[in-house]
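S.K.: Once you've had a glance at the structure underneath, I'll fire off some questions.
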Amino acid sequence: MRLSLLSDLNEERAARRAAVLVTEVGSGEQRLVREGQVGSDPLAKDLEDSLRQGKSRLAEQDGLQFFLTVQTPPVRVVVIGAVHISQALAPMAKGIDLDVTIIDPRTAFATPERFPDVPVLAEWPDTALPDVGIDPYTAVVALTHDPKIDDPALMAALRSKCFYIGALGSRKTHERRVQRLMASGFTEADLARIHAPIGLDIGAVSPAEIALSILAEIIASLRNERRRSA
Amino acid sequence: MRSTDTDILKAAEAWRREGRGVAIATVVETWGSAPRPVGSHLVIDEDTNFLGSVSGGCVEGAVITEALDVIADGKPRMIEFGVADETAWQVGLSCGGRIKIYVERVD
């Protein structure tokens, strides 16, 4: 592999853009196909399939064998609320290779001391989220328990193509949330995207256990969806 | 933490820029119960430093040996490990699966 090609591949990843490295196995000849160029590539159909599934694989054309190295952007978890659960969640998420960003307008909560290793934005979600950008490789988790902070974030998430939305709160809290969001124009189908109460039901009690159940639910959404489309 | 495939590729780029001889091994095909999915990478330098994995540790040693040859002559190679293969017994792909690995030099 040419170093420049490897470097381009790494650059696409850093910019959160999908790309496929195509290797002709016999000759070792290679090309990088960026997301926007897929349609015009001779292997367009194979590239589209493998990108949708997020899976690297072999392909054949005109008697030649190609290996497609599929690179999708790293999965990111945007957490609304610099709370106790988030403090437990941030290092766990890093341990399973998820990028984490914490957003909380309350400056007493959103401090680098409380979150030493992850980006912390002491801003309102409506201000911060457009810059952060919510793409199909993003999970949005609302943990403040405060509608005036959580709701704007959930609205932004519902308008996006993010693969997971979760919100902390009991069934009753969620019912009231659903009513508020419906009054803002969202449909029942929209709101069905929100996982609430948040997290897999493992009987979690402590903040760390709740963080674990949330991350497990995020992984389940990520992998199951890909499995279904495969 | 360098456990994602692309962090491994980032390391490959950094190593090469330092002037080291570097090879990338990629799992391109699997049959049966293979430990690492297609697309998994192992990056090797000329001093046998390595990052990532192409199996659960069963065949890495053999892949590293092969990678040193690839670094030396620059020719990409396809290598296969499986239970039917005598070398597989030696290197021990104990899971019972078969894997095909493409090894190439970073130029």
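Those protein sequences? They're chains A and B, same order as listed. Add 30 to the 1-based position in the first sequence for our numbering, that's all there is to it. Add 32 to the 1-based position in the second sequence for our numbering, that's all there is to it. All residues carry an ideal CB built from backbone N, CA and C; glycine is no exception.
For Ser80 (chain A) and Ile131 (chain B), what's the separation of their Cα atoms in angstroms?
M.R.: Taking the first sequence and counting its residues from 1, the one referred to as residue 80 (chain A) is at position 50. Taking the second sequence and counting its residues from 1, the one referred to as residue 131 (chain B) is at position 99. Going from the Cα of Ser80 (chain A) to the Cα of Ile131 (chain B) covers about 20 Å.
S.K.: Tell me, please, whether the CB atom of Met31 (chain A) is closer than 7 Å to any CB atom in chain B?
M.R.: Within the first sequence, the letter at position 1 stands for residue 31 (chain A). Judged by the 7 Å Cβ criterion, Met31 (chain A) is in contact with chain B.
S.K.: Output, in sequence order along the chain, the residues in the segment 87 to 101 of chain B whose CB is closer than 9 Å to any CB in chain A.
M.R.: Result list empty, no residue passes.
S.K.: 7 Å is my cut-off, CB to CB: does Ser80 (chain A) come that close to chain B?
M.R.: As a position in the first sequence, residue 80 (chain A) is number 50, starting the count at 1. No - not a single Cβ of chain B is within 7 Å of the one on Ser80 (chain A).
S.K.: Can a CB atom of chain A be found closer than 7 Å to the CB of Pro108 (chain B)?
M.R.: Within the second sequence, residue 108 (chain B) is the residue found at index 76, counting from 1. Yes, Pro108 (chain B) counts as interfacial toward chain A.
S.K.: On the three-state DSSP scale, how would you describe Thr62 (chain B)?
M.R.: Walking along the second sequence from the start, residue 62 (chain B) turns up at place 30. Note: Thr62 (chain B) maps to strand in three-state DSSP.
S.K.: From which residue to which residue does the beta strand (DSSP E) around Gln91 (chain A) run?
M.R.: Numbered from its first residue, the first sequence carries residue 91 (chain A) at position 61. Per DSSP, Gln91 (chain A) belongs to the beta strand (DSSP E) from 87 to 91.
S.K.: Measuring only the C-alpha atoms, how far is Thr152 (chain A) from Pro146 (chain A)?
M.R.: Along the first sequence, one-based indexing puts residue 152 (chain A) at 122. Along the first sequence, one-based indexing puts residue 146 (chain A) at 116. Residue identity differs from the one stated: residue 152 (chain A) is Ala in this sequence, not Thr. If I take the Cα positions, the gap works out to 14 Å.
S.K.: With H, G and I counted as helix, E and B as strand and the rest as coil, what does DSSP make of Lys23 (chain A)?
M.R.: It is not possible to answer for residue 23 (chain A), since the shown part of chain A is limited to 31 through 260.
S.K.: Enumerate in chain order the residues of its own chain whose CB-to-CB distance from Pro182 (chain A) is below 6 Å, with the five nearest sequence positions on each side excluded.
M.R.: Locating residue 182 (chain A) in the first sequence gives position 152, where the first residue counts as 1. Contacts found: Pro155, Asp156.
S.K.: Which bits of chain B does Leu36 (chain A) rub up against, with CB to CB less than 7 Å?
M.R.: For the purposes of this step, residue 36 (chain A) is identified with residue 6 of the first sequence, where counting begins at 1. In chain order: Leu41, Ala44, Glu45, Val138.
S.K.: Verify the CB distance criterion: does Arg52 (chain B) have a CB-CB separation below 7 Å to chain A?
M.R.: Taking the second sequence and counting its residues from 1, one reaches residue 52 (chain B) at position 20. Output row for Arg52 (chain B): interface = no.
S.K.: To the nearest angstrom, report how far apart Met33 (chain B) and Val130 (chain A) are at their CA atoms.
M.R.: As a first step, residue 33 (chain B) must be located in the second sequence, where it is residue number 1. As a first step, residue 130 (chain A) must be located in the first sequence, where it is residue number 100. Below a pLDDT of 50, predicted positions are generally treated as unreliable, and Met33 (chain B), at 31, falls in that range; no measurement from the model is reported.
S.K.: Give, in chain order, every residue of the segment 58 to 70 of chain B whose Cβ lies closer than 7 Å to some Cβ of chain A.
M.R.: Cβ contacts with chain A come from Thr58, Val60, Glu61, Val70.
S.K.: Taking Ser190 (chain A) as the reference, which of A:Thr168, A:Pro227, A:Met31, A:Arg206 has the closest Cα?
M.R.: The residue labelled residue 190 (chain A) in the question sits at position 160 within the first sequence. Ser190 (chain A) has its Cα closest to that of A:Thr168, out of A:Thr168, A:Pro227, A:Met31, A:Arg206.
S.K.: Does Arg48 (chain B) get closer than 7 Å to chain A when you measure Cβ to Cβ?
M.R.: Numbered from 1 along the second sequence, position 16 holds the residue referred to as residue 48 (chain B). For Arg48 (chain B), a Cβ of chain A is located within less than 7 Å of the residue's own Cβ.
S.K.: Would the segment 44 to 63 of chain B and the segment 218 to 225 of chain A be scored as touching if the rule is three or more Cβ pairs under 8 Å?
M.R.: Between the segment 44 to 63 of chain B and the segment 218 to 225 of chain A, the count of Cβ pairs shorter than 8 Å is below three; the stretches do not touch.
S.K.: Count the C-beta pairs between the segment 169 to 176 of chain A and the segment 109 to 122 of chain A that are closer than 8 Å, then say yes if the count reaches three, no if not.
M.R.: Judged by Cβ distances under 8 Å, the segment 169 to 176 of chain A makes contact with the segment 109 to 122 of chain A, as three or more pairs qualify.
S.K.: With a CB to CB cut of under 6 Å and the five nearest residues on each side skipped, what residues in its chain are close to Pro237 (chain A)?
M.R.: The residue labelled residue 237 (chain A) in the question sits at position 207 within the first sequence. For Pro237 (chain A), where only same-chain residues beyond five positions count, the Cβ hits under 6 Å are His114, Ile115, Ala118.
S.K.: Return the CA-CA distance between Ser35 (chain B) and Gly84 (chain B), expressed in angstroms with no decimal places.
M.R.: Looking up residue 35 (chain B) in the second sequence gives position 3. Looking up residue 84 (chain B) in the second sequence gives position 52. Reliability of the predicted coordinates at Ser35 (chain B) is poor, the pLDDT of 48 falling under 50, and the value obtained from them is presented with this limitation in mind. Looking at the two C-alpha atoms, the distance is approximately 6 Å.
S.K.: Would you tell me roughly how many angstroms separate the C-alpha atoms of Glu239 (chain A) and Pro103 (chain A), rounded to the nearest one?
M.R.: Here residue 239 (chain A) is taken as the residue at index 209 of the first sequence, counted from 1. Here residue 103 (chain A) is taken as the residue at index 73 of the first sequence, counted from 1. Computed Cα separation, rounded: 27 Å.
S.K.: Just to make sure I have the definition right: I need the residues of chain B whose C-beta is within less than 8 Å of the C-beta of Thr99 (chain A). Which are they?
M.R.: Indexing the first sequence from 1 puts residue 99 (chain A) at position 69. Near Thr99 (chain A) (Cβ distances below 8 Å), the residues of chain B are Thr58, Gly71.
S.K.: Please name the residue or residues paired with Met110 (chain B) in a DSSP beta bridge.
M.R.: In the second sequence, residue 110 (chain B) corresponds to position 78, counting from 1. Met110 (chain B) pairs with B:Tyr134.
S.K.: I need the straight-line Cα distance from Val170 (chain A) to Val162 (chain A), nearest angstrom please.
M.R.: The residue given as residue 170 (chain A) occupies position 140 in the first sequence. The residue given as residue 162 (chain A) occupies position 132 in the first sequence. Val170 (chain A) and Val162 (chain A): Cα-Cα distance of roughly 11 Å.
S.K.: May I ask you to list, following chain order, the residues of the segment 63 to 92 of chain A that have a beta carbon less than 8 Å from some beta carbon of chain B?
M.R.: Lys85, Ser86, Arg87, Leu88
S.K.: Keeping to the same chain, check which residues put their C-beta closer than 6 Å to that of Ala120 (chain B); ignore five residues upstream and five downstream.
M.R.: Position 88 of the second sequence, counting from 1, holds the residue named residue 120 (chain B). Only weak support is given to the placement of Ala120 (chain B): the predicted model assigns it a pLDDT of 47, under 50, and the value that follows is read from those uncertain coordinates. So the qualifying residues of the chain are Phe113, Gly114.
S.K.: Do we get a CB-CB distance below 7 Å when we pair Asn40 (chain A) with the residues of chain B?
M.R.: Locating residue 40 (chain A) in the first sequence gives position 10, counting from the first residue. Yes, contact with chain B.
S.K.: What residue range does the beta strand (DSSP E) around His73 (chain B) cover?
M.R.: Locating residue 73 (chain B) in the second sequence gives position 41, counting from the first residue. Segment 73 to 77, the beta strand (DSSP E) holding His73 (chain B).
S.K.: Please state whether the Cβ-Cβ distance between Pro108 (chain B) and Gly58 (chain A) is less than 7 Å.
M.R.: Here residue 108 (chain B) is taken as the residue at index 76 of the second sequence, counted from 1. Here residue 58 (chain A) is taken as the residue at index 28 of the first sequence, counted from 1. For Pro108 (chain B) and Gly58 (chain A), yes; Cβs fall inside 7 Å.
S.K.: Starting from Glu54 (chain A), follow its DSSP beta bridges and name the residues at the other end.
M.R.: Taking the first sequence and counting its residues from 1, the one referred to as residue 54 (chain A) is at position 24. Per DSSP, A:Phe96.
S.K.: The ligand PLP and Ala44 (chain B): does any heavy atom of the ligand fall closer than 6 Å to the residue's C-beta?
M.R.: By its list of ligands, the structure shown contains no ligand whatsoever, and the ligand PLP lies outside what it can speak to.
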